[in-house]
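Peer 1: One structure, pasted below without further comment.
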Ligand code: BG6
């Protein structure tokens, strides 16, 4: 079998076992002596020496994703001693860049603490850069030569990160397959967008599927790397408490929310082509829905979990236009400067764009557990706050004896910011009388796990790729179902030429979305107040 890694979090067996999946996976993730424990983790036991070298190639090294996310993540993994001993990182781009320039570009995002400079220096000693054209096979042969010439190169596993515009995926993956396959395992990380509808996504999947096996492909949905999204599995299947009430007999409505307080600023070019449904709802929110709605998998193994997610998706019909509210933000002339500009005033957005920046939709999971329970997904940019959460609202208690004073229970999993799980419930108001009062069972991470730093989603996911664990990655059949659910809606929106409802930058979004929620059976009482324990 393979070597155990990060045993303290109980994932070692899957990771080690994945070596049998056919791509030579999960062998050696060794590391220099641990300096900093992985965020929130206990000191690791049983870390192997990392016999097998690893080459990581960042394609699109001069771009935003590489600079802001991938290089910083690699640095954190290196810093925390989580990369194999002999790991080298090669940047690849059209723009020629020296390692020094690369370092300067990344620096503002690396979050280097005092005392880590020397380690950072060692990290950059493992960097190199290859310049070339994406369409030119010769360049990729040169890349292959470069990788072979690195220390340990002739034996190294290879991890290719496609931090590229999707238009380049086709050519680049073909060249990688033809010229750059590793002597050990080869894995390819792909970022969304995976197409823009069912046909284009199918075409991309067919292309990738002809070049690589599914075990070699890692489709990132970074929400699957978030602490509280991963926690959904443990909350649901590690407790006796929730299982019996997790169904249509008890749950009135499920709401999955994503809110961001800023607009598209500068990213309008990409965004306008996609819109909020493709950008957030079809992937991040739908993934969360799956984890809430799925049946208990046969095991916590990657494919058993993904099998259950696919089953949920198969039970969801195409979203209907009448179950959707679309919005687009407009500037708030009286607001602070950052809120004055509306979506259409973003210079990277066409002035007559009808692309939604807000969407709320009702989905229905037509299976035995969930028939009749609406799942509302809502997401938007330029709203009043940053928040991502999953909320289950339960049905009222039958046979009321408290003169209608009891409010519905809710279970909330707050993904960000300030990770928390809390259950809104009724309790006796402390004191002389028998009065029910709204309160909560509260697991706020900031107080229960004080000082514990949670790893960034990308950090977790990249480590998973290195370890060969595909659980938190999107399988091709999942992707296909996700597009099947949303493509008819996206087509209908386009055909209808429907204009999204304007909402003010910094507001809660169009009031019509609250109406939709009400229609879905969600009861907002407005009476519950949560007081931050630190402020009490
Ligand atoms: C990305 C979307 O996938 O997720 C962005 O493309 C969005 O539009 C981002 O801002 C949100 O991620 P997070 O981790 O900041 O919630």
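Numbering (this note's numbering), first residue to last: 12 to 547.
Think of the CB as a built atom: it goes at the ideal place given N, C-alpha and C, for glycine as much as any other residue.
Since we're looking at a predicted model, the values are computed, not measured.
Please state if the CB of residue 524 and the CB of residue 371 are separated by a distance shorter than 9 Å.
Peer 2: A contact, by the Cβ cut-off of 9 Å.
Peer 1: For residue 134, is the beta carbon positioned less than 8 Å from some heavy atom of the ligand BG6?
Peer 2: The answer is no for residue 134.
Peer 1: Please identify the residue among 229, 87, 68 whose C-alpha is closest to the C-alpha of residue 8.
Peer 2: The structure shown has nothing for residue 8, since the chain only spans 12 to 547.
Peer 1: Can you give me the Cβ contacts of residue 236 inside the same chain, cut-off strictly under 7 Å, excluding the 5 residues immediately before and after it?
Peer 2: These residues qualify, in order along the chain: 468, 469, 471, 472, 483.
Peer 1: What I want to know is whether the C-beta of residue 485 ends up closer than 8 Å to one or more non-hydrogen atoms of the ligand BG6.
Peer 2: Not so, every heavy atom of the ligand BG6 lies at least 8 Å from the Cβ.
Peer 1: Could you tell me whether the Cβ atoms of residue 476 and residue 294 are closer together than 9 Å?
Peer 2: It is not a contact, given that the beta carbons lie outside the stated cut-off.
Peer 1: Would you mind giving the Cβ-Cβ distance between residue 122 and residue 165, rounded to the nearest angstrom? I have them listed as a contact below 8 Å.
Peer 2: So it is not a contact: roughly 35 Å between Cβ atoms.
Peer 1: Could you pull the DSSP bridge partners for residue 549 from this structure?
Peer 2: With the chain covering only 12 through 547, there is no way to say anything about residue 549.
Peer 1: Could you spell out where the alpha helix (DSSP H) holding residue 287 opens and where it closes?
Peer 2: Per DSSP, residue 287 belongs to the alpha helix (DSSP H) from 279–287.
Peer 1: Do residue 355 and residue 507 have their C-beta atoms within less than 9 Å of each other?
Peer 2: No. Outside cutoff.
Peer 1: When the Cα of residue 150 is compared with those of 105, 171, 114, which residue comes out closest?
Peer 2: Considering only alpha carbons, the answer is 105.
Peer 1: For residue 223, which of helix, strand or coil comes out of DSSP?
Peer 2: Residue 223: coil per DSSP, three-state reduction.
Peer 1: For the ligand BG6, is there any heavy atom lying closer than 8 Å to the beta carbon of residue 82?
Peer 2: Not under cutoff, so the answer is no.
Peer 1: Let me check you understand the geometry: is the CB of residue 468 closer than 8 Å to at least one non-hydrogen atom of the ligand BG6?
Peer 2: Flag set: Cβ of residue 468 near the ligand BG6.
Peer 1: Exposed or buried, which one is residue 361 when buried takes at least 16 other CB atoms within 10 Å?
Peer 2: With fewer than 16 Cβ atoms within 10 Å of its Cβ, residue 361 is classed as exposed.
Peer 1: For residue 170 versus residue 183, is the C-beta spacing smaller than 9 Å?
Peer 2: No. Outside cutoff.
Peer 1: Between the C-alpha atoms of residue 232 and residue 300, what's the straight-line distance to the nearest angstrom?
Peer 2: Using only the alpha carbons, I get a separation of about 14 Å.
Peer 1: If you measure between the beta carbons of residue 99 and residue 167, is that distance less than 9 Å?
Peer 2: Yes, the pair counts as a contact, with Cβ atoms nearer than the cut-off.
Peer 1: Can you tell me which residues form a DSSP beta bridge with residue 374?
Peer 2: Residue 374 pairs with 386.
Peer 1: Going along the chain, which residues of its own chain have a beta-carbon closer than 7 Å to the beta-carbon of residue 319, five neighbours each way excluded?
Peer 2: Here the set comprises 305, 306, 308.
Peer 1: Under the DSSP definition of a beta bridge, which residues are partnered with residue 439?
Peer 2: DSSP output for residue 439 lists 447 as bridge partner(s).
Peer 1: Between the segment 491–502 and the segment 200–208, can you find at least three pairs of beta-carbon atoms closer than 8 Å?
Peer 2: Counting Cβ pairs under 8 Å, three or more are found: they touch.
Peer 1: Quick one: residues in its chain with C-beta nearer than 8 Å to the C-beta of residue 325, no 5 flanking neighbours on either side, listed in chain order?
Peer 2: Only 492 meet the Cβ criterion.
Peer 1: With a threshold of 8 Å, establish whether the CB of residue 278 neighbours any heavy atom of the ligand BG6.
Peer 2: Checking the Cβ of residue 278 against the ligand BG6 gives yes.
Peer 1: Where do the N-terminal and C-terminal ends of the alpha helix (DSSP H) with residue 70 fall, by residue?
Peer 2: No alpha helix (DSSP H) contains residue 70, which is instead part of the beta strand (DSSP E) from 65–70.
Peer 1: Please classify residue 291 as buried or exposed, where buried requires at least 16 other C-beta atoms within 10 Å of its C-beta.
Peer 2: Its Cβ being crowded by 16 or more others within 10 Å, residue 291 is buried.
Peer 1: Can you tell me the Cα-Cα spacing of residue 298 and residue 339, whole angstroms?
Peer 2: Between residue 298 and residue 339, the C-alpha separation is close to 24 Å.
Peer 1: Taking residue 135 as the reference, give the member of 126, 154, 112, 153 with the closest Cα.
Peer 2: Selected option, being the one with the closest Cα: 112.
Peer 1: Verify whether the separation of the beta carbon atoms of residue 279 and residue 359 is less than 9 Å.
Peer 2: For residue 279 and residue 359, yes; Cβs fall inside 9 Å.
Peer 1: Does the segment 438–448 come close enough to the segment 181–201 that 3 or more CB-CB pairs lie under 8 Å?
Peer 2: No, the segment 181–201 is not in contact with the segment 438–448.
Peer 1: Taking the alpha-carbon positions, what's the residue 34 to residue 226 distance?
Peer 2: Low per-residue confidence applies at residue 34: pLDDT is 46, beneath 50, and the placement is therefore not dependable, though the value from the model is reported in the following sentence. Taking the straight line joining both Cα atoms gives about 7 Å.
Peer 1: Taking 8 Å as the cut-off, does the CB of residue 282 come closer than this to any heavy atom belonging to the ligand BG6?
Peer 2: Yes, the beta carbon of residue 282 sits closer than 8 Å to at least one heavy atom of the ligand BG6.
Peer 1: Contact between the segment 525–532 and the segment 408–419 is defined here as three or more beta-carbon pairs at a separation below 8 Å; is this criterion met?
Peer 2: The segment 525–532 is not in contact with the segment 408–419.
Peer 1: Jot down the residue ranges of each uninterrupted beta strand (DSSP E) in the segment 196–240, minimum 3 residues, whole runs only, in chain order.
Peer 2: Here the runs fully enclosed are 197–202, 228–231.
Peer 1: Return the chain-ordered list of same chain residues with a C-beta closer than 8 Å to the C-beta of residue 341, the five sequence neighbours on each side being excluded.
Peer 2: Closer than 8 Å at Cβ, skipping near neighbours: 353, 354, 355, 513, 514, 515, 516.
Peer 1: Suppose the cutoff is 7 Å on Cβ atoms and the five residues either side in sequence are ignored; what does the same chain contact list for residue 441 look like?
Peer 2: Nothing listed; no residue qualifies.
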